[in-house]
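In the working numbering, the protein residues as written are -8 to 459.
Glycine included, every Cβ here is placed at the ideal spot set by N, Cα and C.
Working notes, structure below.
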């Protein structure tokens, strides 16, 4: 399946920069597939896939030293039938979290320049502290996400020319041709149920049935719980699992705010249930670093600079993939969402899908709320250089009083993603269909926002002062 990460890999590869490319991301988002598909297509027999999970003995290639000559010499022993050709070989270190020495060798391999080096791994950001990684100047990190709606359309073999025509209408906020609008809206209802995990998209694209999709989602969710059990510190295992399980109910509540008191965890010895940000912060950080959840942070006011107005202890917590979230609800929600019943307010799922779209484009998720007078908008971001309040409506309601109040009081721009076609209303609110959120690069035509890799702060460090 066609993935946007391929263009990122190609640009890095053809640039000739003396760096290694590190692809971060959750389990089963397609990291291995994307790199191997590119490597085999471009490098053919000169592509070496080193999977430390499948070949634990590959770690022995780093026993004699971490300089480029020693590592390549060691790899030639483990992969004795592979021919290393300088300038024509790509080496892919997969599941690199299983081999700390491989991560430590990235600088020497990248600066040596004879071979193109790509690395990826699951839970890498959690286990990266096991080794002092080398300066970020030698490692380019990119965060890979589940398939977005446009990639979903590619998998469904939608004509690229049609997608571009729809993109153009979204860019100008002009009505999408009705046939396309109806088709894309229907497909987006499917997407909110199927989600963007490649295994789920693949089985649906091949069969046009959702029979196996739920089982795939269940398997991925249980895999998250297994990862918590295996890799989280004992002090956060229970809390992380409880927080993860609580997300569907939290998002189904009226304000969707994460409420510590509603996390189902055992009481302590005195019979008191512990609550509060500091108590839950390590577990929530674990889920975020594992790329399982997305946090949408509350801000004190929708004014620039937004980053100076965050309240980190107040937030909404979304699942990385809307399809996995949908599978956590009962069958009636699954069915109503799949068929796009306009009388059903699938707010939790729709809001999670919009959060997923914004996050996939590198935007930090933020929202604003105020009690007196009552104002709340689902997201706040910068669009076209201006602060923009964003509201999401998935049901029949067209009420946008809060959005209008925020725009009037704070002078922000306004966007509403809803179940209608593109138009601009008399108050200047730009209305877009829900699926338009996946085309934010058309709404906000600028260079793609860099991925928020703030969870790496203080982790990617130099091994010595001279290397800086």
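> When DSSP builds the beta bridges, which residues end up paired with residue 414?
Replying inline: 422
> Where residue 353 and residue 227 are concerned, what is the direct C-alpha to C-alpha distance, given to the nearest angstrom?
Replying inline: 28 Å
> Under the three-state reduction of DSSP, which class applies to residue 149: helix, strand or coil?
Replying inline: coil
>> What residue range does the beta strand (DSSP E) around residue 350 cover?
In response: First-last for residue 350: 338 to 351, but that is the alpha helix (DSSP H), not the beta strand (DSSP E).
>> Give me the residue from 383, 388, 411 with the minimum Cα distance to residue 405.
In response: 383
>> Can you give me the C-alpha to C-alpha distance between residue 91 and residue 104, rounded to a whole angstrom?
In response: 21 Å
> Considering only residues of the segment 283 to 341, which uninterrupted alpha helix (DSSP H) runs meet the minimum length of 4 residues and lie entirely inside it, listed in chain order?
Replying inline: 313 to 318, 322 to 329
> Under the three-state reduction of DSSP, which class applies to residue 399: helix, strand or coil?
Replying inline: helix
> For residue 168, which of helix, strand or coil comes out of DSSP?
Replying inline: coil
>> Using a Cβ-Cβ cutoff of less than 7 Å, which residues in the same chain neighbour residue 153 once the five nearest sequence positions on both sides are dropped?
In response: 171
> Start and end of the beta strand (DSSP E) containing residue 85?
Replying inline: 81 to 85
> Which residues mark the beginning and the end of the alpha helix (DSSP H) in which residue 246 is found?
Replying inline: No alpha helix (DSSP H) holds residue 246; DSSP gives it neither H nor E.
> Residues bridged to residue 107 by DSSP?
Replying inline: 81
> Roughly how far, in whole angstroms, is the beta-carbon of residue 407 from the beta-carbon of residue 425, given that I think they are within contact range, below 8 Å?
Replying inline: 10 Å between Cβ atoms; not a contact.
> What residues are listed by DSSP as bridge partners for residue 404?
Replying inline: 379
> Is it true that the CB of residue 286 sits closer than 7 Å to the CB of residue 308?
Replying inline: yes
> Applying the criterion that 16 or more other CB atoms from any shown protein chain within 10 Å of the CB defines a buried residue, is residue 72 buried or exposed?
Replying inline: exposed
> residue 362 to residue 246, Cα distance in whole Å?
Replying inline: 12 Å
> Which full runs of the alpha helix (DSSP H) of 4+ residues lie inside the segment 13 to 60, going along the chain?
Replying inline: 22 to 34
> Does the distance from the C-beta atom of residue 84 to that of residue 95 stay below 7 Å?
Replying inline: no
>> With the cut-off set at 7 Å, would you say residue 14 and residue 188 are in Cβ contact?
In response: no
>> Looking at the secondary structure, which residues open and close the beta strand (DSSP E) in which residue 134 lies?
In response: 130 to 134
>> Here's the rule I'm using: 16 or more other beta-carbon atoms within 10 Å means buried, otherwise exposed. How should residue 284 be labelled?
In response: buried
> Three-state secondary structure (DSSP) at residue 206?
Replying inline: helix
> Taking the C-alpha atoms as reference points, what is the distance between residue 300 and residue 377?
Replying inline: 16 Å
> For residue 389, which of 412, 182, 108 has the nearest alpha-carbon?
Replying inline: 412
>> Within 7 Å of any Cβ in chain B, is that where the Cβ of residue 397 sits?
In response: Looking for chain B here will not work: only one protein chain is present.
> In chain order, what residues of the same chain lie with their CB nearer than 8 Å to the CB of residue 397, ignoring the 5 residues before and after it?
Replying inline: 293, 359, 366, 368, 380, 403, 405
>> The alpha helix (DSSP H) that contains residue 195, what's its start and end?
In response: 189 to 198
> Taking buried to mean at least 16 other C-beta atoms within 10 Å of its own C-beta, is residue 250 buried or exposed?
Replying inline: exposed
> Taking DSSP as the reference, what is the three-state secondary structure of residue 360?
Replying inline: strand
>> Considering Cα atoms alone, identify which of 391, 270, 350 is closest to residue 372.
In response: 350
> What does residue 11 pair with, by DSSP beta-bridge criteria?
Replying inline: 130
> Alpha carbon to alpha carbon, what distance is there between residue 79 and residue 130?
Replying inline: 20 Å
> So is residue 173 buried or exposed if we call it buried at 16+ other beta carbons inside 10 Å?
Replying inline: exposed
> According to the Cβ coordinates, are residue 161 and residue 433 closer than 7 Å?
Replying inline: yes
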